[in-house]
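Worksheet for the structure shown next.
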Amino acid sequence: VSRPTDHASARWGVCVSGQISTAFILILLLAGCGPSNRYILVDDKILASDYQQADAVIQKAEDEYGSKSRVLYGMDRGMTLQLAGEYQQSNAVLEQAEEEIDRLYTRHIRTESFAFVTNDNSLPFEGEPYEQIMINVLKALNYASLNQWQDALVEARRIDHHLNVLADRTKDKTAYRDDGFARYLSGILYESAGDVNNAFIAYRKAYETFEAMRSWSRTGVPVQLRADLLRTTDALHLTQEFREYQQLFPETAWKSIHELQELAQVLVISYNGRAPRKEDQFLDLPISLDALQLVLINQGFSQATRQQHRAADSVLYGLNGRVVRVALPKLVSQKTQVPVDTVTLSPEQGAPVTVRTELAQDVTALADKALSERMAGIATKAVARAAFKFSLAEGATRGAEHAVGGEYGPWVGLAVGLLTKGFAVASEESDKRSWRTLPDEIHLARTWVSPGIYRLQRAAASGGAVSNKTISVRAGETAIVIQRVIQ
Amino acid sequence: MGSSMRSGQCCSNVAVLVLVLIGLSGCGAETKVTRVDEGVVTDLSGRWNDTDSRMVAETMVKEALEYPWLNNFSQSKRRQPVVVVGTVMNNSHEHISVQTFVTDLERELTNSQKVTFVAAKNERDEVRTERKEQAMYAREDTQKSPGKEIGADYMMKGTIATILDEADGTKAMFYQIDLQMVDLESNAKVWYGQKKIKKVIEKKRTVF
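Just so you know, the protein sequences line up as chains A and B, in that order.
Here the first sequence is numbered in my numbering, starting from 103 and rising by one per residue.
Here the second sequence is numbered in my numbering, starting from 1238 and rising by one per residue.
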């Protein structure tokens, strides 16, 4: 006598245990996708001033970045290549990143849908507006370092264009809608190339932007910019503006363009500290009393190491089936310990010239502002996604339970519930991608010296001499000195 | 019981639909290469491209040869004018290969058989080095002696500038190319050519 029920039950038994195993493995795999340690390696190499190796670390990790983070790969490599002195290659990867950002203007519904059921890491990374501007800033510095001033000015024009489009798009006057440092650098490039009129326009916009963003950018108007405004308004015979700036900056010492004609310019750009990183901030929302107890107990056990307990959380909450997880990004700043740099230019003969750098861009403040501006949108989307994933998992669980029916229905339901709800919890992850090879702060110093060969010596405010470099400058020329201070 | 079963089935269907969508999203694009004639217009990104460079060079050279400066010179000196290319400044928003554009101009003007081009400043150094080396290493009857270079009568110089406007994914790019022929003896500008190109580049905000 055949007993089909027994066969079916045996089949379901195998199937259920197989599904549970698969569920566990899948959840563990998903939850195991942690952040890469490549930035730790990069920081180590930069600390050792081994920029080629820092770039090699990024290059090796190209596949790890994946197709969704092409822009981020370009950004990260653009910076390490610049530090390694590979300006042309740096420009090539940054140009690709810029073109990719342009292409990403068009959103793909299927990509957005996929991200909605998984997480925002499935979306192509296009960077925050300030990061996009920094692409042009780096390219401009690369071209200037290569002595290709026409190309450096192309980047200055692009900065102006991108910032104008951003200002048109951003209605909130207190938001990031202009960039004082990028404007200021554009002005320096224009003036170095002999275009004093455009230099003044850029300086004026930079001054206005530094003033407008002062409340949150943690960056004041650089003292050097005041002198630049006085010099260019004087050179252009803009009497009215010159008087206004004289009244605004009575203490500022400056030299006329005529006095600087026979001198050479040295521009020091110092990248200090490390850009902030992002971490997951998990919000576990219980939707039953049991689940509330579970969340409280679980958080009591593992609050300090939430990142490491993602796999366990996923299984635990998947089994309970009544916990909805929402992941939000949290910014962790990595502030520089170097508030000011002193750079000494020692000529072959004569007295050395000492310049002090001053803060021109606080990247952490920009990242903070960018994230806070987007947080409401991120949170709304995350909650909607969590609710959608939960309802989908609940539907799949009930559907499977009813489809099997009988005494094995609840077992199948449990397996499907663990799989789908565990997946919902495990796949919940915030988008933590950001341009991590950027510094915490960008400092700038500008000085004019007699033509000749100079030995550069950098001494951090905290300690002794750190680096040595030699530059050769002729009258009317500009030398760009880029230095990286990881502390 | 029945309604809960229906809702369960409905949710299962939604789950299947989502999985199908995810599966579909995995379909990747493939690379396709097609050889085309060099004259085919290929406007892909809207940026300055080979078509712009060639068309502007052809139009401006045609215009330059129609103006009276050429005939005036040929009649008074009874020879072709000698032209050297000066600087063509890139004042645009793009990293334009100015050298390609200048080469297009030189080619069009030389092929017209109405002007003679001499090597520009950056090319002359290489030629002079070669002559110096010939003086040291080449057979005497094949050596080229110095001091026989042809001095240019005119210098051609110009600018490529752009005005860019953008809003909501639509860009209006306006190129203005200005070229001038300057008499090297008198500094007089004997010809002034201008070519304008306007492109509108539209991008969709969403696609499937």
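Where is the CB? At the ideal position from N, CA and C, for every residue including glycine.
Inset, instruction - Per DSSP, which residues does A329 of chain A bridge with? Please list them. - result: Reading the first sequence from its first residue, position 227 is the one you call residue 329 of chain A. Bridge pairing for A329 of chain A: absent [DSSP].
Inset, instruction - Would you verify that the beta carbon of Y189 of chain A is, or is not, closer than 8 Å to some beta carbon of chain B? - result: In the first sequence, the residue the question calls residue 189 of chain A occupies position 87. No, its Cβ sits nowhere closer than 8 Å to a Cβ of chain B.
Inset, instruction - Per DSSP, which residues does L447 of chain A bridge with? Please list them. - result: Against the first sequence, residue 447 of chain A aligns to sequence position 345. Note: L447 of chain A sits in a beta bridge opposite A:V455 and A:L558.
Inset, instruction - Tell me, please, whether the CB atom of V434 of chain A is closer than 8 Å to any CB atom in chain B? - result: Position 332 of the first sequence, counting from 1, holds the residue named residue 434 of chain A. Not an interface residue.
Legend entry - Nearest candidate by alpha-carbon position, reference V1444 of chain B, set A:G578, A:G180 and A:H210: On the second sequence, residue 1444 of chain B is found 207 positions in, with the first residue counted as 1. Closest by alpha carbon: A:H210.
Legend entry - Proximity test, Cβ basis, 8 Å: T1443 of chain B and chain A: Stepping through the second sequence from its first residue, residue 1443 of chain B is reached at position 206. Chain A contact via Cβ: present.
Inset, instruction - Return the residue from the list B:T1399, B:R1361 and B:I1414 that minimises the CA-CA distance to L1342 of chain B. - result: Stepping through the second sequence from its first residue, residue 1342 of chain B is reached at position 105. When only C-alpha atoms are compared, the closest one is B:I1414.
Inset, instruction - Let me know the secondary structure DSSP gives G566 of chain A once reduced to three states. - result: Within the first sequence, the letter at position 464 stands for residue 566 of chain A. With a pLDDT of 45 at G566 of chain A, under the threshold of 50, the predicted position of this residue should be treated as unreliable, though the coordinate-derived value follows. G566 of chain A: coil per DSSP, three-state reduction.
Inset, instruction - Work out the CA separation of W1306 of chain B and L1421 of chain B for me, nearest whole Å. - result: Counting from 1 along the second sequence, the entry for residue 1421 of chain B is found at position 184. Counting from 1 along the second sequence, the entry for residue 1306 of chain B is found at position 69. One C-alpha to the other measures close to 14 Å.
Inset, instruction - Take R376 of chain A and list the residues in its own chain whose beta-carbon comes closer than 7 Å to its own, dropping the five residues that flank it on each side. - result: For the purposes of this step, residue 376 of chain A is identified with residue 274 of the first sequence, where counting begins at 1. Excluding sequence neighbours, R376 of chain A sits near D145, Q436, P541, D542 and I588.
Legend entry - Y1374 of chain B: first and last residue of the uninterrupted alpha helix (DSSP H) it sits in: Start at 1 with the first residue of the second sequence, and residue 1374 of chain B comes out as number 137. From DSSP, the alpha helix (DSSP H) with Y1374 of chain B extends over K1358 to Y1374.
Legend entry - Beta carbon proximity, Y207 of chain A to chain B, threshold 8 Å: Translated into the one-based positions of the first sequence, residue 207 of chain A becomes position 105. So, interface residue.
Inset, instruction - Evaluate N139 of chain A with the Cβ neighbour count: other Cβ atoms within 10 Å of its Cβ, from every protein chain shown; 16 or more gives buried, anything less gives exposed. - result: Position 37 of the first sequence, counting from 1, holds the residue named residue 139 of chain A. By the Cβ-count criterion, N139 of chain A is exposed, with fewer than 16 other Cβ atoms from all chains shown falling within 10 Å of its own Cβ.
Inset, instruction - Output yes if chain A places a C-beta closer than 8 Å to the C-beta of S1290 of chain B; else output no. - result: Translated into the one-based positions of the second sequence, residue 1290 of chain B becomes position 53. By this cut-off, S1290 of chain B is not an interface position.
Inset, instruction - Compute the Euclidean distance between the alpha carbons of Y278 of chain A and R1344 of chain B, then round it to the nearest angstrom. - result: Within the first sequence, the letter at position 176 stands for residue 278 of chain A. Within the second sequence, the letter at position 107 stands for residue 1344 of chain B. Computed Cα separation, rounded: 49 Å.
Legend entry - the segment 572-587 of chain A contacting the segment 356-369 of chain A, beta-carbon criterion three pairs below 8 Å: The segment 572-587 of chain A is in contact with the segment 356-369 of chain A.
Legend entry - Coarse secondary structure for I142 of chain A, derived from DSSP in three states: Sequence index remark: in the first sequence, residue 142 of chain A carries index 40 (1-based). I142 of chain A falls in the helix class under three-state DSSP.
Inset, instruction - Helix, strand or coil for S171 of chain A, going by three-state DSSP, please let me know. - result: The sequence position of residue 171 of chain A within the first sequence is 69, counting from 1. Helix, per DSSP.
Legend entry - Nonlocal neighbours in the same chain, by C-beta distance under 6 Å from K534 of chain A, ignoring five residues either side: Residue 534 of chain A sits at position 432 when you count from the first residue of the first sequence. Here the set comprises K380 and P431.
Inset, instruction - Measure from the alpha carbon of H504 of chain A to the alpha carbon of each residue in A:L494, A:G515, A:M315 and A:A495, then state which is nearest. - result: Reading the first sequence from its first residue, position 402 is the one you call residue 504 of chain A. Nearest option by C-alpha distance: A:G515.
Inset, instruction - Under 9 Å between beta-carbons, which chain A residues line up against A1404 of chain B? List them in chain order, please. - result: The sequence position of residue 1404 of chain B within the second sequence is 167, counting from 1. Residues of chain A passing the Cβ test: V267, D270 and R271.
Legend entry - Sub-8 Å separation of D464 of chain A and T321 of chain A beta-carbons: Against the first sequence, residue 464 of chain A aligns to sequence position 362. Against the first sequence, residue 321 of chain A aligns to sequence position 219. Result yes, Cβ atoms of D464 of chain A and T321 of chain A sit closer than 8 Å.
Inset, instruction - Use the C-beta contact count for E530 of chain A: other C-beta atoms within 10 angstroms, 16 or more gives buried, fewer gives exposed. - result: Taking the first residue of the first sequence as position 1, residue 530 of chain A is located at position 428. So E530 of chain A counts as buried.
Legend entry - H210 of chain A, DSSP secondary structure in three states: Locating residue 210 of chain A in the first sequence gives position 108, counting from the first residue. Assigned with DSSP and collapsed to three states, H210 of chain A falls in strand.
Legend entry - DSSP state of D542 of chain A mapped onto helix, strand, coil: Along the first sequence, one-based indexing puts residue 542 of chain A at 440. Reduced to three states, the DSSP call for D542 of chain A is coil.
Inset, instruction - State the CB to CB distance for the pair Y207 of chain A and G1406 of chain B, rounded to an integer number of angstroms; the pair is presumed to be in contact (CB under 8 Å). - result: Translated into positions along the first sequence, residue 207 of chain A becomes position 105. Translated into positions along the second sequence, residue 1406 of chain B becomes position 169. Confirmed, about 6 Å.
Legend entry - Selection from A:I555, A:D152, A:S532 and A:A246 that minimises the alpha carbon distance to E450 of chain A: As a working mapping, residue 450 of chain A is identified with position 348 in the first sequence. Looking at the Cα atoms, A:I555 is the closest of the given residues.
Inset, instruction - Below 8 Å between beta carbons is the criterion; list the residues of the segment 233-246 of chain A that meet it against any residue of chain B, in chain order. - result: Contact annotation: in the segment 233-246 of chain A, no residue has its CB less than 8 Å from a CB in chain B.
Legend entry - Rounded distance between the beta-carbons of E214 of chain A and R172 of chain A, thought under 8 Å: Along the first sequence, read from residue 1 onward, the residue named residue 172 of chain A stands at position 70. Along the first sequence, read from residue 1 onward, the residue named residue 214 of chain A stands at position 112. Rounded, the Cβ-Cβ distance is 18 Å, inconsistent with contact.
Inset, instruction - Can you tell me which of B:V1320, B:T1324, B:A1409 and B:Q1312 puts its alpha carbon nearest to the alpha carbon of I1397 of chain B? - result: Indexing the second sequence from 1 puts residue 1397 of chain B at position 160. Considering only alpha carbons, the answer is B:T1324.
Legend entry - Per DSSP, cross-strand counterpart(s) of N238 of chain A: In the first sequence, the residue the question calls residue 238 of chain A occupies position 136. According to DSSP, residue pairing for N238 of chain A in a beta bridge does not occur.
Inset, instruction - In angstroms with no decimal places, state the Cα-to-Cα distance between D270 of chain A and E310 of chain A. - result: Numbered from its first residue, the first sequence carries residue 270 of chain A at position 168. Numbered from its first residue, the first sequence carries residue 310 of chain A at position 208. Their backbone Cα atoms lie some 17 Å apart in a straight line.
Inset, instruction - Tell me, please, whether the CB atom of V298 of chain A is closer than 8 Å to any CB atom in chain B? - result: In the first sequence, residue 298 of chain A corresponds to position 196, counting from 1. No, its Cβ sits nowhere closer than 8 Å to a Cβ of chain B.
Legend entry - Secondary structure of V1325 of chain B, DSSP reduced to three states: Here residue 1325 of chain B is taken as the residue at index 88 of the second sequence, counted from 1. In the structure shown, V1325 of chain B sits in a strand (DSSP, three-state: E or B).
Legend entry - Beta-carbon spacing of I584 of chain A, Q184 of chain A below 8 Å: The sequence position of residue 584 of chain A within the first sequence is 482, counting from 1. The sequence position of residue 184 of chain A within the first sequence is 82, counting from 1. Taking 8 Å as the Cβ cut-off, I584 of chain A and Q184 of chain A qualify as a contacting pair.
Legend entry - Partner residues on chain B for D253 of chain A, Cβ-Cβ distance less than 8 Å: The sequence position of residue 253 of chain A within the first sequence is 151, counting from 1. Going along chain B in sequence order, the residues near D253 of chain A (Cβ under 8 Å) are N1327 and H1332.
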